[in-house]
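S.K.: Protein chains in written order, with this note's numbering: chain A, 1 to 227; chain B, 1001 to 1225; chain C, 2001 to 2092; chain D, 3001 to 3588.
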Ligand code: HEA
Ligand code: HEA
Ligand code: CUA
Ligand SMILES: [Cu+2]
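1) Kindly indicate which residue of A:175, A:40, A:155, A:200 has the alpha-carbon position closest to the one of residue 113 of chain A.
2) Note down, in chain order, all residues in the region 2060 to 2088 of chain C with a beta-carbon under 8 Å from any beta-carbon belonging to chain D.
3) Can you tell me which of D:3152, D:3071, D:3099, D:3395 puts its alpha carbon nearest to the alpha carbon of residue 3180 of chain D?
4) At the 8 Å Cβ level, is residue 169 of chain A part of the contact set with chain C, yes or no?
5) Under 7 Å: does the beta carbon of residue 3509 of chain D sit that close to some heavy atom of ligand 2?
6) For residue 3126 of chain D and chain B, any beta-carbon pair shorter than 8 Å?
7) Could one say the Cβ of residue 3349 of chain D lies closer than 8 Å to chain C's Cβ atoms, at least one of them?
8) Under 6 Å Cβ to Cβ from residue 202 of chain A, same chain only, skipping five residues before and after it: list those, please.
9) DSSP three-state call for residue 1198 of chain B: helix, strand or coil?
10) Does any residue of chain A have a CB that is nearer than 8 Å to the CB of residue 2020 of chain C?
11) Excluding the 5 residues preceding and the 5 following residue 3271 of chain D in the sequence, name in chain order all residues of the same chain whose CB lies nearer than 6 Å to its CB.
12) Do residue 3289 of chain D and residue 3298 of chain D have their C-beta atoms within less than 8 Å of each other?
13) Looking at chain B, which residues of the region 3460 to 3479 of chain D have a Cβ within less than 7 Å of any of its Cβ atoms?
14) By the criterion of Cβ-Cβ separation under 7 Å, what are the contact partners of residue 190 of chain A in chain C?
15) Within 10 angstroms of the Cβ of residue 178 of chain A, are there 16 or more other Cβ atoms? Answer buried if so, exposed if not.
16) Against chain C, does residue 3112 of chain D count as a neighbour if the rule is that its beta carbon must be under 8 Å from one of theirs?
17) By alpha-carbon positions, which one of D:3144, D:3226, D:3275 ends up nearest to residue 3413 of chain D?
18) Which runs of the beta strand (DSSP E) at least 3 residues long sit entirely within the region 1093 to 1175 of chain B? Give them in chain order.
19) Spatial neighbours of residue 3100 of chain D within its chain, please: CB distance less than 7 Å, with the 5 preceding and 5 following residues excluded, ordered by chain position.
20) What ranges does the beta strand (DSSP E) occupy inside the region 3205 to 3264 of chain D, keeping only unbroken runs of at least 3 residues that lie completely in it?
21) Assuming contact is defined by CB atoms lying nearer than 8 Å, are residue 51 of chain A and residue 214 of chain A in contact in what I supplied?
22) Along the region 58 to 88 of chain A, where does the CB come closer than 9 Å to a CB of chain C? Name the residues.
23) Residue 5 of chain A by DSSP, collapsed to three states: which one?
24) Any beta carbon of chain A sitting closer than 8 Å to that of residue 2991 of chain D?
25) Using a threshold of 8 Å, state whether the C-beta atoms of residue 3134 of chain D and residue 3105 of chain D are closer than that.
26) Closer than 7 Å by beta-carbon distance: list the chain B residues that pair up with residue 3068 of chain D, in chain order.
27) Quick one: is residue 2043 of chain C near chain A, going by C-beta distance under 8 Å?
28) Grab the span of the alpha helix (DSSP H) containing residue 1182 of chain B for me, first residue to last.
29) Tell me the rounded alpha-carbon separation between residue 2060 of chain C and residue 103 of chain A.
30) Output the residues surrounding ligand 4, defined as those with a CB atom closer than 7 Å to any ligand heavy atom, in chain order.
31) Using beta-carbon positions only, say whether residue 3108 of chain D and residue 3203 of chain D come within less than 8 Å of one another.
32) Which residues does DSSP pair with residue 1203 of chain B in a beta bridge?
33) Would the beta-carbon of residue 1184 of chain B be found less than 7 Å away from any heavy atom of ligand 3?
34) For the alpha helix (DSSP H) that contains residue 119 of chain A, what are its first and last residues?
35) Does residue 227 of chain A get closer than 8 Å to chain C when you measure Cβ to Cβ?
36) Does any CB atom of chain A fall closer than 8 Å to the CB of residue 2038 of chain C?
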């Protein structure tokens, strides 16, 4: 969002003249506040998962039994890479290098898009095996496996397993997608030379969002796939 | 007096009522102080020609007082309440000699399962009665609350007992009737359009009457699933 | 931190750092034979470690004032309170 | 002093649409919120009237009920299915679409920039988005009344499994729309709140230090923090509820490993902060109005601020007091009881400081002052009844009875709504450039005050007698039949209460055209907004004013011109320029 009266001297500083506030310009502060609220949103989803999973004594599917961990590990790595490329883009424009800005933003977009792509692929595979938001589909491959080894596949908890898994990762994926869209917008603005060493607010702010989404995934990967 | 607490008919009803009246007195005092104060100020300090408001930014002493007094009051209230709370709902508060019944709620009725002659639940001679809770006076009751479908709430006003019956949870509520007679059991949690009609009757018998009723019931072996 | 001539932290190093930690995580989860509780502790620890790296360097919280850090820190205890309170249902 | 108030020049003539519909001006957005939420207040009121008819005269055809379709009423006699919808939607509309937008949507928008000396919100376009998303959410919620099977039937709290299972509740679309509407509304609130927070932190005029902010702004600031952290939780919960309905997930389905209490935890973890969202702004604005009406500085400004912060914080750790009887771990119940009771302390500080403000004042009983004083008087009743329920053993009896309903309405109507009647009258001139009629304002106040108490006070007695909430027909129970006369009495007072609200509606609407032209500072107040002409121009100030003192300098000795008020923006020879203002003014 551009400032209503964006005529203050240095847009990378707090609005002026005004009493000193958080000490950062408003877009950045606004984004941080938004991230705080997003923390609470994910608290609802991840918290639900933790509560449902750890307040039942019934066995839960063992890690790797249902989910494809190697693929997701790679995906995690990919997201981390895109975080690095993002921060590289930020560093580039902070030093006033518009060419490298474009390059790194593009890299980030690719990384994010691939992540989403892989996640969609994973979803398709999972559903194919019979892992759905309401458990193991009747007569599916997974259902038979689970019937054979109820402990390994957490037969009794499959219902909430599916519910929480798809909701959490789904909304994370949604966040990534939104990120990619905004990032594309940033990219085109960068192509038009919209960012300079004096004003690269857009890059920094979208970066914060992007790293946050990465951060959330780091948590999700551990507690959903590995534990 | 129909506009006040109904007559108490269980052991801890007295404690609950005491707590209620105590809080009423305390809050009543606070209420009078505030409202009377407001009225008085409104009258005394109303604008009149030539009046000058007294310019002050406050008084720490006064503020300390009206912070400390309520603080102490509520802590005391909390401690007193907690005593009763633990006595009624605490984990191991159920008297050992309690008579057990299983109360299974479903839209929109109460199904009460009785231990039968052998006095223990989950045995062959159990029988279930719909919308009737038969109890023995001065004998603690341990009610195993469960629900078929949605959340209901087991509420006997005269006994001052209320406890939700939650699907997927086994919840125990106990109480001890102190008067024989007929009382009402109501559902206190919105459970659908029939919520308003989800009532049942509570009969508190003397031991003899209860045994008689039990015998006749057991004989009939009437089982309503 | 708006000073333009700022010297940036070595992001590539942090990238390697994160990659290694991820590898360790997967390794610990599948190869090692810790008892479940220990395993969880280790994994959660590693996850928080990684998250901190991202927050401190990529989101450059390390270089921000406390005024701004608090914005992000405030919700965390609330999240913990919610989960802890709700999970005590288990004790029934 | 009017020099500060030069009309804004640098806005090109705008089309009607840009100016009044898709406006990014925080004042216009506030006014848009005002009209929309007053409409929803009316809707909520109409639903309440039907509730009252049914409770007062069960089984009798409701006048005009004939027009209702068969699914709602059979020849005018309301059906139980419809009654639970009435209750649920009454609560939903009043909480989410009337009081919350009235307090936050209207006054956070209108007051924060004006009182802090900013040209506009930090993110005007996000602000506009916040209004339109809220509007959309309202439409969706309204629509849910008219879909087949009607609206939700599980109370505004939507307890599961009832809410999650159409086969139990008999509602499908109503529930789905409720969830969607709430998710959209949550988005609106988050967008709004992050705007308010950023503006308060970053856009205060030179000299407007933290402890020179009016209490209304402090309250709205803390409220915004509550909003930004609480609503996402509700969104998450609503989304899971929606998925349980549509995707067949099992979050709240006990048979499949879900938990019924999980919903309650999530809902009330949001819900209690929410109720403070519904009272804090009212408290803040009441502080402003009482100081103004008493012509005295607020008593103990700093402790008022800390009380607001304390309430805001404590609000997060008390949600379990709605779940004492839910089968929640009793030890947890004890701790929630203590934390809940502790909230009485900061509330006490505020109450007595308001009284302290009036003490030895020079009380002017203009309409805002009347309503503000009524707020204190009524909020205290609601607050004190809260103490009964906070005491777990007592709650064991009064939980889910009309005692709660009485509490709700004393804090929400006696509290929030009275404050709003005052606030609307108080800032009306800055919004519309005209005054609301004082005479009719007072008539409306007194009639409302009387009928309001006649309506809601007896509900305490109903509760004491054990009268359950949300029941369609009390006469079903023997022990409730003796109470029927009381129910009838309440209903009749409620109808009167509704009727007198129309006085307010008329006064509000007619004054838009007929009201007398407002002077710049009709209430002789100190806030920055009064340095502007009425109505305040687009962009507010040509150059932002400088602030020299706190907002409550009434009757200060040595005020020039024999006035008893000393505006924040008025520079006395003795005042020093604040640091921020000294630096070269750039742009602007
Ligand atoms: C504006 C909204 C608002 C506000 C401000 C409050 C304020 C409080 N509420 Fe209320 N509450 C609701 C809105 C609100 N509530 C709603 C809508 C519900 C019902 C939800 C539903 O189920 O539908 C509810 C339900 C509710 C319950 C659940 C009841 C039940 O379902 O069984 C409880 C229980 O503890 C409670 C307690 C309190 C307390 C202790 C306060 C405290 O903040 C009050 C503090 C104020 C005072 C105490 C008065 C001033 C102090 C003094 C004068 C000093 C002297 C006092 C003492 C020494 C004690 N509230
Ligand atoms: C702010 C909140 C608010 C307000 C103002 C009201 C107002 C009223 N409420 Fe409501 N009520 C709730 C919040 C509120 N309520 C909640 C949260 C519940 C719980 C729901 C649940 O159990 O799920 C509840 C439940 C509830 C019940 C319990 C139902 C039951 O449990 O079975 C009853 C019963 O009498 C009731 C009655 C009334 C009445 C008669 C009014 C009267 O005051 C109404 C008077 C009319 C108005 C206030 C509107 C006037 C219109 C204007 C002023 C608009 C002017 C228009 C323009 C200028 C364009 N309410
Ligand atoms: Cu069962 Cu209400
Ligand atoms: Cu509450």
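For each residue, glycine too, the CB sits at the ideal point set by N, CA and C.
M.R.: Quick answer:
1) Of A:175, A:40, A:155, A:200, the residue nearest in Cα terms is A:175.
2) Here the close residues are 2074, 2075, 2078, 2081, 2082, 2085, 2086, 2088.
3) Closest by C-alpha distance to residue 3180 of chain D, out of D:3152, D:3071, D:3099, D:3395, is D:3152.
4) With a threshold of 8 Å between beta carbons, residue 169 of chain A makes no contact with chain C.
5) Indeed, a heavy atom of ligand 2 lies less than 7 Å from the Cβ.
6) No, no contact with chain B.
7) Residue 3349 of chain D is outside the set of residues whose beta carbon lies under 8 Å from a beta carbon in chain C.
8) Within the same chain, Cβ atoms closer than 6 Å to the Cβ of residue 202 of chain A are found at 186, the five residues on either side in sequence being excluded.
9) Residue 1198 of chain B: coil per DSSP, three-state reduction.
10) It does not; no Cβ of chain A falls within 8 Å.
11) Once the five neighbours on either side are set aside, residue 3271 of chain D has no close Cβ partner at all.
12) Going by C-beta atoms, residue 3289 of chain D is not nearer than 8 Å to residue 3298 of chain D.
13) Listed in sequence order: 3461, 3464, 3465, 3466, 3468, 3470, 3471, 3472, 3473, 3476, 3477, 3478, 3479.
14) Proximity of chain C to residue 190 of chain A at the Cβ level (cut-off 7 Å) is not reached, the minimal Cβ distance being about 18 Å.
15) Counting of Cβ neighbours within 10 angstroms places residue 178 of chain A among the exposed residues, the total staying below 16.
16) No, residue 3112 of chain D lies away from the interface with chain C (no Cβ there is under 8 Å from its Cβ).
17) Residue 3413 of chain D has its Cα closest to that of D:3275, out of D:3144, D:3226, D:3275.
18) DSSP assignment within the region 1093 to 1175 of chain B yields the following whole beta strand (DSSP E) runs of 3 residues or more, N-terminal first: 1099 to 1106, 1109 to 1114, 1127 to 1130, 1132 to 1136, 1141 to 1147, 1152 to 1156, 1161 to 1165, 1171 to 1175.
19) Within the same chain, residue 3100 of chain D has close Cβ partners 3277, 3278.
20) Listed in chain order, the beta strand (DSSP E) elements of length 3 or more contained wholly in the region 3205 to 3264 of chain D amount to none.
21) Not a contact, by the Cβ cut-off of 8 Å.
22) When CB distances to chain C are screened at a threshold of 9 Å, the residues of the region 58 to 88 of chain A falling below it are 63, 64, 69, 70, 73, 76, 77, 80, 81, 83, 84, 86, 87, 88, in chain order.
23) Note on residue 5 of chain A: pLDDT 41, under 50, position unreliable in the model; the coordinate value appears next. Look at residue 5 of chain A here: in three-state DSSP terms it is coil, with no helix or strand label.
24) No answer is possible for residue 2991 of chain D: the residues shown for chain D start at 3001 and end at 3588.
25) Result yes, Cβ atoms of residue 3134 of chain D and residue 3105 of chain D sit closer than 8 Å.
26) Neighbours of residue 3068 of chain D on chain B: none; closest Cβ ~16 Å, over 7 Å.
27) Yes - at least one Cβ of chain A is within 8 Å of the one on residue 2043 of chain C.
28) Per DSSP, residue 1182 of chain B belongs to no alpha helix (DSSP H); it is in the beta strand (DSSP E), 1181 to 1187.
29) Cα to Cα, residue 2060 of chain C sits roughly 21 Å from residue 103 of chain A.
30) Those residues that bring their Cβ nearer than 7 Å to a heavy atom of ligand 4 are D:3268, D:3271, D:3272, D:3275, D:3318, D:3319, D:3321, D:3322.
31) Taking 8 Å as the Cβ cut-off, residue 3108 of chain D and residue 3203 of chain D do not qualify as a contacting pair.
32) Answer is B:1134, B:1182.
33) The nearest non-hydrogen atom of ligand 3 is 7 Å or more from the C-beta of residue 1184 of chain B.
34) Element bounds for residue 119 of chain A: 98 to 129.
35) So, interface residue.
36) Chain A contact via Cβ: absent.
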